[in-house]
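J.: This is the structure I have questions about; it appears just below.
Number of protein chains: 2
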Amino acid sequence: MDTTKFDVLGVGNAIVDVLAKASDSFIEEQRTFGMEKGGMTLIDADRAEDLYSLMNASTEMSGGSTANTLACLASMGGKGTFIGKVADDQLGKIFSHDLQSQGIEFNTAPLVGSKATARCLVLITPDAERTMNTFLGACTELTSDDIEEDQIRESKVVYLEGYLFDPPHAKDAFYKTAAITKAAGRQLALSLSDPFCVERHRDDFKDLIFNHVDILFANQDELCALMETDFDTACDNIANKCEVAAITKGAQGSLIIKGGERTLIDSVKPEELVDTTGAGDAYAAGFLFGYTNGKDMSVCGKYGSIAAAEVISHIGPRPSKSLADLIKHI
Amino acid sequence: MDTTKFDVLGVGNAIVDVLAKASDSFIEEQRTFGMEKGGMTLIDADRAEDLYSLMNASTEMSGGSTANTLACLASMGGKGTFIGKVADDQLGKIFSHDLQSQGIEFNTAPLVGSKATARCLVLITPDAERTMNTFLGACTELTSDDIEEDQIRESKVVYLEGYLFDPPHAKDAFYKTAAITKAAGRQLALSLSDPFCVERHRDDFKDLIFNHVDILFANQDELCALMETDFDTACDNIANKCEVAAITKGAQGSLIIKGGERTLIDSVKPEELVDTTGAGDAYAAGFLFGYTNGKDMSVCGKYGSIAAAEVISHIGPRPSKSLADLIKHI
Numbered sequence: 010m011d012t013t014k015f016d017v018l019g020v021g022n023a024i025v026d027v028l029a030k031a032s033d034s035f036i037e038e039q040r041t042f043g044m045e046k047g048g049m050t051l052i053d054a055d056r057a058e059d060l061y062s063l064m065n066a067s068t069e070m071s072g073g074s075t076a077n078t079l080a081c082l083a084s085m086g087g088k089g090t091f092i093g094k095v096a097d098d099q100l101g102k103i104f105s106h107d108l109q110s111q112g113i114e115f116n117t118a119p120l121v122g123s124k125a126t127a128r129c130l131v132l133i134t135p136d137a138e139r140t141m142n143t144f145l146g147a148c149t150e151l152t153s154d155d156i157e158e159d160q161i162r163e164s165k166v167v168y169l170e171g172y173l174f175d176p177p178h179a180k181d182a183f184y185k186t187a188a189i190t191k192a193a194g195r196q197l198a199l200s201l202s203d204p205f206c207v208e209r210h211r212d213d214f215k216d217l218i219f220n221h222v223d224i225l226f227a228n229q230d231e232l233c234a235l236m237e238t239d240f241d242t243a244c245d246n247i248a249n250k251c252e253v254a255a256i257t258k259g260a261q262g263s264l265i266i267k268g269g270e271r272t273l274i275d276s277v278k279p280e281e282l283v284d285t286t287g288a289g290d291a292y293a294a295g296f297l298f299g300y301t302n303g304k305d306m307s308v309c310g311k312y313g314s315i316a317a318a319e320v321i322s323h324i325g326p327r328p329s330k331s332l333a334d335l336i337k338h339i
Numbered sequence: 010m011d012t013t014k015f016d017v018l019g020v021g022n023a024i025v026d027v028l029a030k031a032s033d034s035f036i037e038e039q040r041t042f043g044m045e046k047g048g049m050t051l052i053d054a055d056r057a058e059d060l061y062s063l064m065n066a067s068t069e070m071s072g073g074s075t076a077n078t079l080a081c082l083a084s085m086g087g088k089g090t091f092i093g094k095v096a097d098d099q100l101g102k103i104f105s106h107d108l109q110s111q112g113i114e115f116n117t118a119p120l121v122g123s124k125a126t127a128r129c130l131v132l133i134t135p136d137a138e139r140t141m142n143t144f145l146g147a148c149t150e151l152t153s154d155d156i157e158e159d160q161i162r163e164s165k166v167v168y169l170e171g172y173l174f175d176p177p178h179a180k181d182a183f184y185k186t187a188a189i190t191k192a193a194g195r196q197l198a199l200s201l202s203d204p205f206c207v208e209r210h211r212d213d214f215k216d217l218i219f220n221h222v223d224i225l226f227a228n229q230d231e232l233c234a235l236m237e238t239d240f241d242t243a244c245d246n247i248a249n250k251c252e253v254a255a256i257t258k259g260a261q262g263s264l265i266i267k268g269g270e271r272t273l274i275d276s277v278k279p280e281e282l283v284d285t286t287g288a289g290d291a292y293a294a295g296f297l298f299g300y301t302n303g304k305d306m307s308v309c310g311k312y313g314s315i316a317a318a319e320v321i322s323h324i325g326p327r328p329s330k331s332l333a334d335l336i337k338h339i
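Sequences listed follow chains A and B, in order. When we follow the numbering used here, the leftmost residue of the first sequence carries the number 10, and every step to the right adds one. When we follow the numbering used here, the leftmost residue of the second sequence carries the number 10, and every step to the right adds one.
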């Protein structure tokens, strides 16, 4: 009998999203500050202040890649727990509330009296694409001391976001988590997060994936960035490097590679395409909900497509409808 | 030639909305704490914490009745300025940003080191009705010292929300504003805000309306609560008590009473009815945009209906589309 308490333990950056509409020309103007349309740029506190002052009126919602995944998982009926670092401030309380209110366990001690809770300034262009600018704040103070061994043992899958390689101490926390996960006989999942993130940490990612990761999530661009080759060759090369690789291809759906077996999954058309923030996070949630419930790859992928379609149909990265209702007919 | 710099100066509570979905049974359970479906209940810091911990995952957006009106006015192309009290904290910065980013002047000194920025915990039931629970925080420290005479002289219309009668010092600010407005020969507009607010302050409101107010905004329930009679009699009695009374009737549109002249305005059907938060504020904005641009009552009302329809078609009280685009065919 399975003695785990959680379907997924997620370790990630604890971030509140600040979402505003922006024109393509604004994104273009901001390229001098390293902004890349569709990508995620790390920014410091001063730049965060400057950019915010140029942004339109915004909506605030809890975000963070892994936390978004757990929120979607919970909305499907899965049990999740989260490790991440907020500050003891208003945004930190909002972040904690939004996880806990969904029944997701979150007990990491908040940072007191220094850096503020992380914010991601998200610019949504008319094509519904999101361009992210992240001030990591308190996330840079997540350390391996924040990793609780028991939480890992109690979880079927331990899910890590590639973005965790950006804050220096979080990387240690990441490796500690991976080591305990393997020792406990649990499954390790990794999301590559962003092609630029892959560029920053390619060798570390490769080492981790080839030696420890069971389930890899990536989109086409991230996989190609990782393998430094074209998509077809990258798919051939990633097969058998980890148990499962779930590769998303936007409106073209996804491809699940499990050893020699490949499963193509259609995307689900959203009611209206409004904001792609959190699409990949939602896909991972759907996949993991299926996976931790013993479903086959085609069902796992379908759950992922349905979750992603819901999240991109409105502003913000968390579901606004019950995902359990949306998947029950499958 | 008109020397005014602003179409509307608004004085109001500076509030960030915390919006979450809730069931009707949850609202029912909370009645023991004074919650009334569709109404606004004032709550203290402890109750705010307790209620928040029971709420679903939420979205944060700047709110406050008058500030919402100014945001809609700006979206139509009007010039606005705001007086209200935030604290020097994260939510206060969000509130200020969201006004200033729309070109609305907002210079009231923030409160430092005591109460937090006000929050309104908004529960949205499946029928799209909103039930509001307001922790006034820093708003209780708005005083008549915050009222700048020049700002009043530079504005065509000075708009006050009835909710300002709740924080004790704000009432003084309110009276000071009214007196300067009349002395400067500017127009004074008042929104009754909420039937319970009318119950709390009926005599003061009557005195103000019968003696000073030029433009009154109210919905049916508020007008009936004010006049303590049925709707038709209340309409007869309010005529000639102020220059114009614009009375909203939800999906039944609105009725504008100007002396002996009555204009019926149809409502505009929203694309989808999602959240009625801010409907009255948006209507007032549309009306005032027309009024300050010399339009006749039917156009003023139509602008109001269009603004309200946009705001109720999504979560949150501020427009998500350009209202200028939506009214340009009128």
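The C-beta atom is built at its ideal place from N, Cα and C for all residues, glycine as well.
In the structure shown, what three-state DSSP assignment does A/Lys-46 receive?
T.: Note: A/Lys-46 maps to coil in three-state DSSP.
J.: Quick check on A/Thr-68 - is its C-beta less than 9 angstroms from some C-beta in chain B?
T.: It does: the Cβ of A/Thr-68 has a partner Cβ on chain B nearer than 9 angstroms.
J.: Have a look at B/Gly-122, B/Val-27 and B/Val-277 and flag the residue whose alpha-carbon is nearest the alpha-carbon of B/Phe-258.
T.: In the sequence on display, residue 258 of chain B carries Lys and not Phe. It is B/Val-277.
J.: Would you mind giving the Cβ-Cβ distance between A/Ala-248 and A/Pro-279, rounded to the nearest angstrom? I have them listed as a contact below 8 angstroms.
T.: No, A/Ala-248 and A/Pro-279 are not in contact; Cβ-Cβ is about 30 angstroms, not under 8 angstroms.
J.: Does the contact criterion of 3 or more C-beta pairs under 8 angstroms hold for the region 199 to 216 of chain A versus the region 225 to 240 of chain A?
T.: In short, these stretches touch, since the Cβ pair count reaches three.
J.: Excluding the 5 residues preceding and the 5 following B/Leu-79 in the sequence, name in chain order all residues of the same chain whose CB lies nearer than 6 angstroms to its CB.
T.: These residues qualify, in order along the chain: Gly-19, Gly-89, Phe-91 and Ile-113.
J.: Taking Cβ-Cβ distances below 9 angstroms as the criterion, which residues of the region 243 to 269 of chain B are in contact with chain A?
T.: Under the 9 angstroms Cβ criterion, the region 243 to 269 of chain B contributes no residue.
J.: Based on DSSP bridge pairs, tell me the residues matched to A/Cys-251.
T.: Paired residues: A/Ala-248.
J.: Could you check whether the Cβ of A/Val-27 sits closer than 9 angstroms to any Cβ belonging to chain B?
T.: Judged by the 9 angstroms Cβ criterion, A/Val-27 is in contact with chain B.
J.: Using a Cβ-Cβ cut-off of 6 angstroms (strictly less than) and excluding sequence neighbours within five positions of A/Tyr-300, which residues of its own chain qualify?
T.: If we look at A/Tyr-300 and ignore the five residues flanking it on each side, its Cβ neighbours are Cys-309.
J.: According to a CB-to-CB cut-off of less than 7 angstroms, which residues of the region 38 to 55 of chain B neighbour chain A?
T.: So the list is empty, because no residue satisfies the distance condition.
J.: Give the residues of chain B in contact with A/Gln-99, contact being defined as C-beta atoms less than 7 angstroms apart.
T.: Those are Asp-98, Gln-99 and Leu-100, listed as they occur along chain B.
J.: In chain order, what residues of the region 317 to 333 of chain A put their CB closer than 7 angstroms to some CB of chain B?
T.: If the cut-off is 7 angstroms between Cβ atoms, the region 317 to 333 of chain A has Gly-325 and Arg-327 near chain B.
J.: Closest to B/Ile-36 by CA distance: which of B/Leu-132, B/Ala-293, B/Ala-294 and B/Gly-269 is it?
T.: Among B/Leu-132, B/Ala-293, B/Ala-294 and B/Gly-269, the Cα nearest to that of B/Ile-36 belongs to B/Leu-132.
J.: Can you tell me which of the three DSSP states A/Glu-114 falls into?
T.: Of the three classes helix, strand and coil, the one that applies to A/Glu-114 here is strand, per DSSP.
J.: Tell me which residue opens and which closes the alpha helix (DSSP H) that A/Gln-109 is part of.
T.: That run of the alpha helix (DSSP H) goes 99 to 109.
J.: Please list the partners that B/Ala-188 has in chain A, where partner means a Cβ-to-Cβ separation under 7 angstroms.
T.: Within chain A, no residue comes near B/Ala-188; the closest Cβ sits about 32 angstroms away, beyond 7 angstroms.
J.: Any contact between the region 157 to 170 of chain B and the region 129 to 143 of chain B? By contact I mean 3 or more CB pairs, one from each, below 8 angstroms.
T.: They do not touch, by the three-pair rule.
J.: Determine, using beta carbons only, whether A/Ala-24 comes closer than 9 angstroms to chain B.
T.: Per the sequence presented here, residue 24 of chain A reads as Ile, with Ala not at that position. Not one chain B Cβ lies under 9 angstroms of A/Ile-24.
J.: Check whether the region 317 to 337 of chain B and the region 279 to 293 of chain B are in contact - that is, three or more C-beta pairs closer than 8 angstroms.
T.: The region 317 to 337 of chain B, when compared against the region 279 to 293 of chain B, does touch it at the 8 angstroms Cβ threshold.
J.: Determine the extent of the alpha helix (DSSP H) in which B/Ala-80 is found, giving its start and end residues.
T.: Element bounds for B/Ala-80: 74 to 85.
J.: Quick one, which of B/Gln-261, B/Val-253 and B/Leu-282 has its alpha-carbon nearest B/Arg-271's?
T.: Here the closest residue by C-alpha is B/Val-253.
J.: Who pairs with A/Lys-180 in a beta bridge, going by DSSP?
T.: For A/Lys-180, which the question treats as bridged, DSSP gives no partner whatsoever.
J.: Taking A/Asn-22 and A/Asp-290 to be in contact with their CB atoms under 8 angstroms, please state how far apart those CB atoms are, rounded to whole angstroms.
T.: No, A/Asn-22 and A/Asp-290 are not in contact; Cβ-Cβ is about 12 angstroms, not under 8 angstroms.
J.: For A/Ile-103, which residues in chain B fall below 7 angstroms Cβ to Cβ?
T.: Correct list: Glu-69.
J.: Can you say whether A/Ser-105 is buried or exposed, counting buried as having 16 or more other CB atoms within 10 angstroms of its CB?
T.: It counts as buried.
J.: Can you grab the Cα-Cα spacing for the pair A/Cys-244 / A/Leu-264, in whole Å?
T.: Near 9 angstroms, if we compare the C-alpha coordinates of A/Leu-264 and A/Cys-244.
J.: What residues in the region 101 to 134 of chain B bring their beta carbon closer than 7 angstroms to a beta carbon of chain A?
T.: The region 101 to 134 of chain B vs chain A, Cβ under 7 angstroms: Ile-103, His-106, Asp-107, Ser-110 and Gln-111.
J.: Between B/Ala-57 and B/Leu-130, is the Cβ-Cβ spacing less than 9 angstroms?
T.: Taking 9 angstroms as the Cβ cut-off, B/Ala-57 and B/Leu-130 qualify as a contacting pair.
J.: What three-state label does DSSP hand A/Met-6 in the structure shown?
T.: Here chain A comprises residues numbered 10 to 339, so residue 6 of chain A is not present and cannot be evaluated.
J.: Does any C-beta atom of chain B lie closer than 9 angstroms to the C-beta of A/Ala-80?
T.: Judged by the 9 angstroms Cβ criterion, A/Ala-80 is in contact with chain B.
J.: Just the C-alpha distance for B/Ile-52 and A/Asp-97, rounded to the nearest angstrom, thanks.
T.: Distance between the alpha carbons of B/Ile-52 and A/Asp-97: 23 angstroms.
J.: Compare the Cα-Cα distances from A/Ala-66 to each of B/Ala-137, B/Lys-94, B/Ser-110 and B/Ala-234 and report the closest residue.
T.: Considering only alpha carbons, the answer is B/Ser-110.
J.: Tell me the residue span of the beta strand (DSSP E) that contains A/Lys-165.
T.: Start and end: 164 to 170.
J.: Out of A/Leu-235, A/Thr-238 and A/Ser-307, which has the shortest C-alpha to C-alpha gap to A/Lys-267?
T.: Considering only alpha carbons, the answer is A/Ser-307.
J.: Quick one: list the residues of chain B neighbouring A/Asn-65, beta-carbon separation under 9 angstroms, in chain order.
T.: Result: Asp-107, Ser-110 and Gln-111.
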